[in-house]
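Q: Just dropping this structure here.
Numbering (the numbering used here), first residue to last: 23 to 195.
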């Protein structure tokens, strides 16, 4: 089932406080078809709701309904290219203000949630390297696409390691 505006109940428009991102990317026809499918959260842990309408890709936070990214696409022959990318800069809705990070995160969300590609999660400048784990992926992205794969077993030392790095991160803030 493809995601549409009607698939989610609490959607908010992109606020006037916004920034334009500098993104260049082309999608093939099969990739465009995957963009058309969008992403409907099916678990409480999923953080994003994504749908395509009139060649504009809307990326919303699932719990709040806030529109965080809006991506305009231009179709030509068998490809589709990004013509404009906007990011929410209303501090009451979205607190990041790093365009470079948002460019990377938006591309990651498209690759991971819509195209099914796995690439490293981009890390914000203020997040310590020790946090770059599955825990951070869950925090930023959520569960993502169901793959049917066996869940990774996490050991107690790994949990304590992540918690230690997280506490250090919080203390240094």
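In this text, a Cβ means the ideal position worked out from N, Cα and C, and glycines have one as well.
What does residue 79 pair with, by DSSP beta-bridge criteria?
A: Sequence index remark: in the chain shown, residue 79 carries index 57 (1-based). Answer by DSSP bridge pairing, in chain order: 74 and 93.
Q: Taking the straight line between their C-alpha atoms, what separation do you get for residue 117 and residue 33?
A: For the purposes of this step, residue 117 is identified with residue 95 of the chain shown, where counting begins at 1. For the purposes of this step, residue 33 is identified with residue 11 of the chain shown, where counting begins at 1. So the two alpha carbons sit approximately 18 Å from each other.
Q: Where do the ends of the alpha helix (DSSP H) carrying residue 40 lie?
A: Residue 40 sits at position 18 when you count from the first residue of the chain shown. Run containing residue 40: none in the alpha helix (DSSP H); it sits in the beta strand (DSSP E), 40-43.
Q: Which residues in the same chain have their Cβ closer than 8 Å to the Cβ of residue 58, if we skip the five residues on either side of it in sequence?
A: As a first step, residue 58 must be located in the chain shown, where it is residue number 36. Closer than 8 Å at Cβ, skipping near neighbours: 24 and 74.
Q: Our contact map puts residue 136 next to residue 42 with C-beta atoms below 8 Å; I'd like the distance itself, whole angstroms only.
A: In the chain shown, residue 136 corresponds to position 114, counting from 1. In the chain shown, residue 42 corresponds to position 20, counting from 1. 22 Å between Cβ atoms; not a contact.
Q: Report the rounded CA-to-CA distance for residue 100 versus residue 48, giving the unit in angstroms.
A: For this step, residue 100 is matched to residue 78 along the chain shown. For this step, residue 48 is matched to residue 26 along the chain shown. Going by the C-alpha atoms only, they are around 10 Å apart.
Q: Per DSSP, what kind of secondary structure is residue 173 in: helix, strand or coil?
A: Within the chain shown, numbered from 1, the residue matching residue 173 stands at position 151. Because residue 173 carries a pLDDT of 47, less than 50, the predicted location of this residue cannot be relied on, and the following value inherits that uncertainty. Reduced to three states, the DSSP call for residue 173 is coil.
Q: Checking the sheet assignment: what are the DSSP bridge partners for residue 48?
A: Taking the chain shown and counting its residues from 1, one reaches residue 48 at position 26. In DSSP, residue 48 forms a bridge with 103.
Q: Hey, residue 69 and residue 149: beta-carbon distance below 9 Å or not?
A: As a working note, residue 69 is residue 47 in the chain shown. As a working note, residue 149 is residue 127 in the chain shown. Going by C-beta atoms, residue 69 is not nearer than 9 Å to residue 149.
Q: Bridge partners of residue 61, per DSSP?
A: Within the chain shown, the letter at position 39 stands for residue 61. According to DSSP, which records beta bridges pairwise, residue 61 is partnered with 72.
Q: Closest to residue 82 by C-alpha separation, out of 120, 50, 181 and 37, would be which residue?
A: For the purposes of this step, residue 82 is identified with residue 60 of the chain shown, where counting begins at 1. When only C-alpha atoms are compared, the closest one is 37.
Q: With a CB to CB cut of under 6 Å and the five nearest residues on each side skipped, what residues in its chain are close to residue 91?
A: Against the chain shown, residue 91 aligns to sequence position 69. 81, 109 and 128, listed in sequence order.
Q: Is it right to say residue 187 is buried, meaning 16 or more other beta carbons lie within 10 angstroms of its own, or is it exposed?
A: Counting from one through the chain shown, the residue named residue 187 turns up at place 165. Buried is the call here.
Q: Which value, in whole angstroms, describes the spacing of the CA atoms of residue 138 and residue 85?
A: The residue given as residue 138 occupies position 116 in the chain shown. The residue given as residue 85 occupies position 63 in the chain shown. Computed Cα separation, rounded: 22 Å.
Q: Run the proximity test for residue 111: is its beta-carbon closer than 8 Å to any non-hydrogen atom belonging to the ligand ADP?
A: Annotation note on the ligand ADP: not contained in the displayed structure, which lists no ligands.
Q: Could you check the C-alpha separation between residue 193 and residue 160 for me, to the nearest Å?
A: Counting from one through the chain shown, the residue named residue 193 turns up at place 171. Counting from one through the chain shown, the residue named residue 160 turns up at place 138. The alpha-carbon atoms of residue 193 and residue 160 are separated by roughly 21 Å.
Q: Since residue 14 sits in a beta bridge, which residues does DSSP pair it with?
A: This structure does not reach residue 14, given that the chain is present from 23 up to 195, and the question cannot be answered.
Q: Any idea what DSSP makes of residue 139, helix, strand or coil?
A: Taking the first residue of the chain shown as 1, we reach residue 139 at position 117. DSSP places residue 139 in coil when its eight states are reduced to three.
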